[in-house]
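Novice:
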Amino acid sequence: MPSIPSTPLDSVFGLILDLPSRRPAPDMPARLEGLFQELAQEQGPRPPEEVEDMIWAIWASHEDEAAEETMAEAIDALASGALKQARPLLDRLVARHPGWAEAWNKRATLSFIEKRDADSLADIARTLELEPRHFGAVSGFGQICLRQGRLNEARAAFQIALSINPHLEDLREMLEDLAPENLMLH
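168 is the number that the numbering used here gives to position 159 of the sequence shown; each next residue is one higher, with no gaps.
1. With a floor of 4 residues, list each alpha helix (DSSP H) that falls wholly inside the region 92 to 125, ordered by position along the chain.
2. In this structure, does DSSP put D36 in helix, strand or coil?
3. Between S172 and M183, what straight-line distance do the alpha-carbon atoms span, to the nearest angstrom?
4. Distance check for N114 and E82, CA to CA, integer angstroms please.
5. If A146 sits next to H106, beta carbons under 8 Å apart, how far is it from one beta carbon to the other, in whole angstroms?
6. Is R156 helix, strand or coil when you go by DSSP?
7. Skipping 5 residues on each side, what residues in its chain have a beta carbon closer than 7 Å to that of H143?
8. Do A95 and A86 have their C-beta atoms within less than 7 Å of each other?
9. Note down, in chain order, each residue of its chain lying with its Cβ closer than 8 Å to the Cβ of S148, except the 5 sequence neighbours on either side.
10. Anyone know if the C-beta pair for L92 and I64 falls short of 7 Å?
Spelled out as structure tokens, the structure:
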């Protein structure tokens, strides 16, 4: 029986389904482990938003000060909608620092905004290979699935993102809206 060709979306979906069995790259800061354990708690010692901000700050940090400055520039460019300015910055970061998960994730975000789903999926895959706990990348994958009408995959991705960070209320609402009983047929 011939096999059904796998699309990039299907390949990344397989990776996402396998995330619970994957470990982060060895050079991920060890302090992330404790933060993720705290984030998983319903009532931790700190507000979950603070813990989430700490995780994002660690992901965006780098031992190379110039790389960190370039990342800050790229984030500012993304936030201000200067996409043409952000692209070369992020391309340079992933080329010079291929082990930096957040560089791949930010470029995936840029590609998503530009509606370059195949490029975004490739960068999401690389992000998750390096940092399987990256709830932002998993959520971004779910957004691509929504855009492509792949609702089952979107639901699964959002559930997995929420299993990593149960405090993503916007994502929880989206998941509720995607429940079969809440979908309106056109």
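Ideal Cβ positions, reconstructed from N, Cα and C, are used throughout, including at glycine.
Specialist: Taking the definition as stated:
1. 92 to 105, 110 to 122
2. coil
3. 15 Å
4. 15 Å
5. Actually they are not in contact, since the Cβ atoms of A146 and H106 sit about 17 Å apart, beyond 8 Å.
6. Assigned with DSSP and collapsed to three states, R156 falls in helix.
7. Sequence-distant Cβ neighbours of H143 in its own chain, meaning closer than 7 Å and more than five residues away, are A110, N114, T136, L137.
8. yes
9. Excluding five sequence positions before and after S148, the CB atoms of its chain that fall closer than 8 Å to its own CB belong to A166, F167, A170, L177, L180, given in chain order.
10. no
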